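What follows is a set of notes on a single structure, which appears directly below.
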Amino acid sequence: MTSAVPVGRPPAPRLDPVALTPPVPWEFASFLEDAEDAASDGVQPVGRPGKVGVLDLSLGVDAASSVQKTGVTSRYVKAPMQFTRPLYIDPADPGEAFVYVRSTGGGLAQNDRIRQRVTLGDGARATVTTPAGTPVHRMNAGLATQWISLTVGEDAVCEYLPGQNTLFAGSRLLQVTDVDLADSATLLAADVILTGRLARGERDLFDALGQCWRVERGGRPLLSDMMCVVGAGQGRSEMLLSRWPVWGTVLIVPPAGSPVKELLASVRDLLVERCAGVAAEDLTAAASTMVNDAGITVRVAGEDPVTVRAIVDAVHDHARRALLGRPAVDLRRM
1146 MTSAVPVGRP PAPRLDPVAL TPPVPWEFAS FLEDAEDAAS DGVQPVGRPG KVGVLDLSLG
1206 VDAASSVQKT GVTSRYVKAP MQFTRPLYID PADPGEAFVY VRSTGGGLAQ NDRIRQRVTL
1266 GDGARATVTT PAGTPVHRMN AGLATQWISL TVGEDAVCEY LPGQNTLFAG SRLLQVTDVD
1326 LADSATLLAA DVILTGRLAR GERDLFDALG QCWRVERGGR PLLSDMMCVV GAGQGRSEML
1386 LSRWPVWGTV LIVPPAGSPV KELLASVRDL LVERCAGVAA EDLTAAASTM VNDAGITVRV
1446 AGEDPVTVRA IVDAVHDHAR RALLGRPAVD LRRM
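If you read the sequence shown in the working numbering, its first letter stands for residue 1146, the second for the next number, and so on.
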């Protein structure tokens, strides 16, 4: 699992941009090299007030609660990051915490560094989401990074369901999500990315996109999925994003030893059902297992963000019913 301070770097203070920036792919080198030009266009450089957002959040179970309610045990927040107090909105599990994470900055801009660390103690149940999607704005130099680390304890359940990222023309984003699971932990995670403001005919005009998912259990890698696109229009390669402007990802990792292949078969049946009647040029979806059949990765690609989001939500609901015995909750995101 990638540590808070990448290998080879000395320990850094909590707010030091060095400690808040994930390892950057070599393809992004040119965008880092021109970061020094940012001052000339009036944009605050990395590390200045408002450019570094930090959330360190720990959640644990209240043993005295009759419903084993999950609550906040520790927190550290640095603007522009904020989070709501936990909400308890699942009638099937009144002890599960729903936490909405948000930024006051109106999206990701040039030289932003966002660092989130969320830890679920043994037996905790929590959904971490956002109240809306995240626009990634045009940048003249440098890049924006968003680094999320999830640590999930024994018998804990983590649902990580952020809103979609929308890549504006000229934007540059590196997003890394690391997950460290205990043997009996459960992970349900999903996200959606739009390669442009589709309603105005903008697509595949972003400068750079790096997206990485890493999942480990007990130090053993279950998934390491990295995509890097550099150059406007380059994402249309068949090896990258191809012709589809909307991509959804769902990760399903049950406790170790669970019958994943049976769940995979039912997920594939669901995808066939949801894609029926839609031309392959407009929508496609697939599911496969992680290392040693430890979990499932689902990818959905299409032309319409509403359709892709609906399928992503349907897969999450299906997995939630199968693993937790209860349906998904309406998160009421914008």
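Just so it is clear, CB atoms sit at the ideal spot from N, CA and C, and this is done for glycine as well.
Bear in mind that the values here come from a model prediction, so they are computed numbers and not experimental data.
{"Query": "Three-state secondary structure (DSSP) at residue 1489?", "Result": "Nothing about residue 1489 can be reported from this structure: the residues present for the chain run from 1146 to 1479 only."}
{"Query": "Is the region 1373-1384 touching the region 1394-1409 in the sense that three or more CB pairs, one from each, lie closer than 8 Å?", "Result": "no"}
{"Query": "Rounded to the nearest angstrom, how far is the Cβ of residue 1305 from that of residue 1295, given a contact under 8 Å?", "Result": "6 Å"}
{"Query": "If you measure between the beta carbons of residue 1340 and residue 1265, is that distance less than 8 Å?", "Result": "no"}
{"Query": "Starting from residue 1228, follow its DSSP beta bridges and name the residues at the other end.", "Result": "1246"}
{"Query": "Identify every residue that forms a DSSP beta bridge with residue 1320.", "Result": "1291, 1356"}
{"Query": "Roughly how many whole angstroms lie between the Cα atoms of residue 1412 and residue 1458?", "Result": "12 Å"}
{"Query": "Given a cut-off of 8 Å, decide if residue 1443 and residue 1474 are closer than it, judged by their beta-carbon atoms.", "Result": "no"}
{"Query": "Could you check how far apart the C-beta atoms of residue 1223 and residue 1199 are, in whole angstroms? I think they sit under 8 Å.", "Result": "4 Å"}
{"Query": "If distances are taken between C-alpha atoms only, which option among 1356, 1326, 1352, 1452 comes closest to residue 1176?", "Result": "1352"}
{"Query": "Quick check: the region 1431-1441 against the region 1237-1249, are there 3 or more CB pairs under 8 Å?", "Result": "no"}
{"Query": "Check residue 1150 in the structure and name its three-state DSSP category.", "Result": "Interpretation of residue 1150 is limited by its pLDDT of 44, a score under 50 that renders its predicted location unreliable; the figure taken from the coordinates is listed afterwards. Residue state, collapsed to three classes: coil."}
{"Query": "Would you give the residue range spanned by the alpha helix (DSSP H) that residue 1174 belongs to?", "Result": "1174-1178"}
{"Query": "Classify residue 1213 as helix, strand or coil using the three-state DSSP reduction.", "Result": "coil"}
{"Query": "For residue 1154, collect the residues of the same chain with a Cβ closer than 6 Å to its Cβ; drop the 5 residues on either side in sequence, then sort them by chain order.", "Result": "Because the pLDDT of residue 1154 is 48, which lies under 50, any placement of that residue in the model is unreliable, and the question is left without a value."}
{"Query": "Figure out for me which residue from 1366, 1408, 1375 has the closest Cα to the Cα of residue 1350.", "Result": "1375"}
{"Query": "Any contact of the region 1356-1372 with the region 1426-1433, i.e. 3+ C-beta pairs under 8 Å?", "Result": "no"}
{"Query": "Taking just the CA atoms, how far does residue 1321 sit from residue 1398?", "Result": "18 Å"}
{"Query": "With H, G and I counted as helix, E and B as strand and the rest as coil, what does DSSP make of residue 1461?", "Result": "helix"}
{"Query": "May I have the straight-line CA-CA distance separating residue 1263 from residue 1462, to the nearest angstrom?", "Result": "23 Å"}
{"Query": "Please report the distance separating the alpha-carbon of residue 1348 from that of residue 1355.", "Result": "16 Å"}
{"Query": "Excluding sequence positions up to five away, which residues of its chain have a Cβ less than 6 Å from the Cβ of residue 1482?", "Result": "No answer is possible for residue 1482: it lies beyond the span of the chain, which begins at 1146 and ends at 1479."}
{"Query": "Would residue 1329 pass as a contact of residue 1283 if the rule is Cβ separation under 8 Å?", "Result": "no"}
{"Query": "State yes or no: is the C-beta of residue 1409 within less than 8 Å of the C-beta of residue 1360?", "Result": "no"}
{"Query": "Exposed or buried, which one is residue 1289 when buried takes at least 16 other CB atoms within 10 Å?", "Result": "buried"}
{"Query": "Between the Cα of residue 1251 and those of 1274, 1159, 1281, 1231, spot the shortest distance and give me the residue it belongs to.", "Result": "1281"}
{"Query": "Per the DSSP calculation, residue 1420 is bridged to which residue(s)?", "Result": "According to DSSP, which records beta bridges pairwise, residue 1420 is partnered with nothing at all."}
{"Query": "Would you list the one or two residues that DSSP bridges to residue 1262?", "Result": "1201, 1294"}
{"Query": "Reducing DSSP to helix, strand and coil, say where residue 1361 ends up.", "Result": "strand"}
{"Query": "Please return the same chain residues whose Cβ sits closer than 8 Å to the Cβ of residue 1478, not counting the five positions on each side in sequence.", "Result": "1274, 1275, 1276, 1277, 1278, 1308"}
{"Query": "With a CB to CB cut of under 7 Å and the five nearest residues on each side skipped, what residues in its chain are close to residue 1476?", "Result": "1274, 1306"}
{"Query": "Does the distance from the CB of residue 1197 to the CB of residue 1170 come in under 8 Å?", "Result": "no"}
{"Query": "Would you tell me roughly how many angstroms separate the C-alpha atoms of residue 1435 and residue 1418, rounded to the nearest one?", "Result": "23 Å"}
{"Query": "Could you give the first and the last residue of the continuous beta strand (DSSP E) run that contains residue 1334?", "Result": "1331-1339"}
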